[in-house]
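Novice:
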Amino acid sequence: MPKKLELVNKIEAIVGKPNVLTHGEMFDEFSTSTTKEQTHPCAVIIPNDKNEVFQIVKLFNDANSQNDEKFQLHPISSGKNWGYTCSEAGSDNAFLLYLVNLNIITEYDDTLGTVRIGAGVTQKQLYEFLKEKGLKFWMDATGSSVDCSVLGNSLERGFGHTPAGNHFEFISDFDVVLGNGKAISTGFRQFSDESKRFASEGIYKWGVGPYVDGIFSQSTLGIVTEATLKLIAAPECYLPFFITTQKDTNINVLVDRIRDLRERQIIKSCVHITNLDKSLQAALDESDWPLSKLSLSDEDRKRHTKAYMLNEWTASGALYGSSDEVEVWKKKIKRTFANGEFKVQFISEAKFKWLKRIAPKVSQLSGLKVDKTLDKLNSLMKLKRGEPTNDFLKSVHYKLTQLPSDNDFTKLERNKVGLIWLAPTAPATGKNAEKLVSIVSEVLEEFDVESAISMTVLTSTAIECVISLLYDRRSGSSDHHAESCHNSLVRRLIESGYLTYRLNSLQHRDYDKYYSSTLIESIREIKQTLDPNSVIASGRYGL
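So this is what it looks like as structure tokens:
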């Protein structure tokens, strides 16, 4: 019997035959990406619990130790890492280990605001859990699918909107299965077992001794099956704000002033800034999409900008605190942007409800799309209070030439959405923001691609810029065109001193071409120790 078939039979004995997929709709989805596929899976394995994950890894480790042919596992939590890797492994013909069933939520502490989550817990599941508990504590949500994994995004160092927006900072005490078949825990949890649990566990991220959680983030050094998540207490008052300008040259001033407000702790949340092209993609109703490879004409661009009441730059965030605190911070923000070139709006839940009531009449009288703009505003306000939504998935379909016949915008791979995200990191200064915009705009213009740019003032020192390359994968050589544009952007950004905080499939493939690291060889030695038989698929982040 061929070794691979023998291995599959043993996997089926662990998880059950229906949980090993080699064909069918789900397998096809996991074999497809939002850009030109770099690898293809051998099979999809769906373990039922942590114990089965441990058994599978041990099985692969034993098999690889006895054979020259190496069988590799690539763990995916939800498989929705769209724009970066989707569900692609770093190496070809790997077995995808789909952790969807590790969806248990435990150890909720309604005093300290901590909760234990498995790798398969989705944004929707956690939000519904907290809702059942009365929303005494809030999670942070990304603008991606409600079915995305909370832990998966945190391990990729994703970010959201609230004061808990820098996700990796808020997880600790991992349970990890190493490639060598051993199971370990990190933080203070390393000292606990079934017979004894230490009260110190889950409350202090750093634990004691060498801090190792970071080596399991953006790596192939182990499979994280569970972690503790720190939530934020629901504030007495939460007030979304929007700062806009009609001058495209004002990004410099906008970033400098927001950085100062963050530095002084007046703004504690992540602040998202979008340019007009990005706002058009997010705001337009699909009935106004171009449905063409061509960009919007200048006439249509101006018409939609007016109808949807859009601006050259829009910054959004929220204030969180007591009513008295929020009132003080509100005044300080207004004073900061009181030079006449910026407009500052604060929209409370009560004000939003009033706007919704009058929107139909205002839309009718003015000809503006107030109601549709408010629908998108509502989705954004949900994220500011930690409520996930699928509403923004529509926007990545913006460049399709044909809409999905069933109106389902959650199936990006099936809908042939072309999407590459590139996320350079820069110092949080207006000068650097301006330079990034210049570089990105120049390169995208060369490739006749809209300069859809968003920036997040993630901390008082760092901006994370996310560049969206959208296209229709059904259009001729669109994959090749997008890849060429991406590669040109990466080179220009690196030459200018900007590295990305997260890598997509193309960057993983070309890691050694783009990056020269003084650290990677040492990390590879650690990989060899923790995974001597190459069980966990290589080819990601230089490993």
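Per the working numbering, the sequence shown starts with residue 3, numbered consecutively. We put the beta carbon where it would ideally sit given N, CA and C, even for glycine. A quick note: this is a predicted structure, and the numbers were derived from the prediction, not measured.
Only counting runs of 4 or more residues, tell me where the alpha helix (DSSP H) segments fall wholly within the stretch 262 to 341, in order along the chain.
Specialist: With a minimum length of 4 residues, the continuous alpha helix (DSSP H) runs that stay inside the stretch 262 to 341 are 278 to 285, 300 to 309 and 325 to 338.
Novice: Between which two residues does the alpha helix (DSSP H) carrying Met141 extend?
Specialist: Note, Met141: premise wrong, no alpha helix (DSSP H); not H, not E.
Novice: In the structure shown, what three-state DSSP assignment does Val364 receive?
Specialist: Helix.
Novice: Buried or exposed, going by whether 16 or more other CB atoms sit within 10 Å of the CB of Phe176?
Specialist: Under this definition Phe176 is a buried residue.
Novice: Report yes if the CB atom of Val123 is closer than 8 angstroms to the CB atom of Leu157, and no otherwise.
Specialist: No. Outside cutoff.
Novice: Straight-line CA distance for Ser368 to Tyr500?
Specialist: Cα to Cα, the separation comes out at about 44 angstroms.
Novice: For Met3, which residues from the same chain have a beta carbon less than 6 angstroms from its beta carbon, with the 5 sequence-adjacent residues on both sides left out?
Specialist: At Met3, the pLDDT of 47 sits below 50, so the modelled position is not reliable and the matter cannot be decided from this model.
Novice: Out of Asn50, Cys44, Lys52 and Val102, state which residue places its alpha-carbon closest to the alpha-carbon of Leu75.
Specialist: Among Asn50, Cys44, Lys52 and Val102, the Cα nearest to that of Leu75 is on Cys44.
Novice: Distance, Cα to Cα, Pro20 vs Asp30?
Specialist: If I take the Cα positions, the gap works out to 16 angstroms.
Novice: Name, in chain order, the residues that DSSP records as bridge partners for Asp195.
Specialist: Beta-bridge pairing links Asp195 to Lys198.
Novice: Along the chain, where does the alpha helix (DSSP H) containing Asp377 start, and where does it finish?
Specialist: Here the alpha helix (DSSP H) through Asp377 covers Val372 to Lys386.
Novice: For a test of the three-state rule: what should DSSP assign to Pro20, helix, strand or coil?
Specialist: Correct three-state label for Pro20: helix.
Novice: For a test of the three-state rule: what should DSSP assign to Gly189, helix, strand or coil?
Specialist: Residue state, collapsed to three classes: helix.
Novice: Tell me Val586's beta-bridge partners as DSSP assigns them.
Specialist: For residue 586 there is no data in the structure shown, the boundaries of the chain being 3 and 545.
Novice: Taking one C-beta from the stretch 246 to 261 and one from the stretch 432 to 450 each time, how about it: are there three or more such pairs within less than 8 angstroms?
Specialist: Because the criterion of three Cβ pairs below 8 angstroms is met, the stretch 246 to 261 and the stretch 432 to 450 touch.
Novice: Just grab the DSSP bridge partners of Asp111 for me.
Specialist: Bridge partners of Asp111: Thr116.
Novice: Have a look at Glu497 and Glu466 and give me their C-alpha separation to the nearest angstrom.
Specialist: Going from the Cα of Glu497 to the Cα of Glu466 covers about 18 angstroms.
Novice: Buried or exposed for Val442, please, with buried defined as at least 16 other CB atoms from any protein chain shown within 10 angstroms of its CB.
Specialist: Buried, by the Cβ-count rule.
Novice: Pull up the distance between the alpha-carbon of Ala484 and that of His399, whole angstroms please.
Specialist: Using only the alpha carbons, I get a separation of about 15 angstroms.
Novice: Under a three-way DSSP split, which group does Asn168 fall into?
Specialist: Note: Asn168 maps to strand in three-state DSSP.
Novice: Would you tell me roughly how many angstroms separate the C-alpha atoms of Tyr86 and Arg504, rounded to the nearest one?
Specialist: Taking the straight line from one Cα to the other gives about 8 angstroms.
Novice: Near Gly183, which residues of its chain fall below 7 angstroms by C-beta distance, leaving aside the five closest residues on each side in sequence?
Specialist: So the list reads Val59, Lys60 and Asn63, once near-sequence residues are dropped.
Novice: Between Phe190 and Gly209, what straight-line distance do the alpha-carbon atoms span, to the nearest angstrom?
Specialist: Taking the straight line from one Cα to the other gives about 5 angstroms.
Novice: How far does the alpha helix (DSSP H) with Phe62 in it extend, from its first residue to its last?
Specialist: Per DSSP, Phe62 belongs to the alpha helix (DSSP H) from Lys52 to Gln68.
Novice: Leu282 to His306, Cα distance in whole Å?
Specialist: In a straight line, the C-alpha of Leu282 is about 8 angstroms away from that of His306.
Novice: Based on the DSSP secondary-structure assignment, which residues constitute the bridge partners of Leu88?
Specialist: For the record, residue 88 in the displayed sequence is Cys; it is not Leu. Partner(s): Asn83.
Novice: Going by CA-CA distance only, name the one from Asp300, Pro429, Val439 and Asp481 that's closest to Ser462.
Specialist: Nearest option by C-alpha distance: Pro429.
Novice: Cutting at 7 angstroms between CB atoms, please list the residues of its own chain near Leu263, excluding the five before and the five after it.
Specialist: Taken in chain order, the residues that qualify are Ile269, Ile335 and Thr338.
Novice: Name the two residues that bound the continuous beta strand (DSSP E) containing Thr458.
Specialist: Where Thr458 is concerned, the enclosing beta strand (DSSP E) stretches over Ile455 to Val459.
Novice: Going by beta-carbon coordinates alone, are Tyr100 and Ile78 separated by less than 8 angstroms?
Specialist: Result yes, Cβ atoms of Tyr100 and Ile78 sit closer than 8 angstroms.
Novice: Among residues of its own chain, excluding the 5 on either side of Glu265, which ones have a beta-carbon nearer than 6 angstroms to its beta-carbon?
Specialist: Hits under 6 angstroms: Ser462.
Novice: Give me the Cβ distance between Pro390 and Tyr206, rounded to the nearest whole Å; I'm assuming they're in contact under 8 angstroms.
Specialist: Actually they do not touch by this definition, with Cβ atoms about 28 angstroms apart.
Novice: My output table needs one value for Thr124: the three-state DSSP class, helix, strand or coil.
Specialist: Three-state result, Thr124: strand.
Novice: Give me, in chain order, the residues of the same chain whose beta-carbon lies closer than 7 angstroms to that of Cys239; leave out the 5 immediate sequence neighbours on both sides.
Specialist: The answer, listed in chain order, is Gly323, Ser324, Ser325 and Val328.
Novice: Express the C-alpha separation of Asp70 and Asn95 in angstroms, rounding to a whole number.
Specialist: Spanning the two alpha carbons is a distance of roughly 16 angstroms.
Novice: Relative to the C-alpha of Gly211, which candidate in Thr188, Val10, Glu8 and Gly18 has its C-alpha closest?
Specialist: When each option's Cα is compared against that of Gly211, the closest is Thr188.
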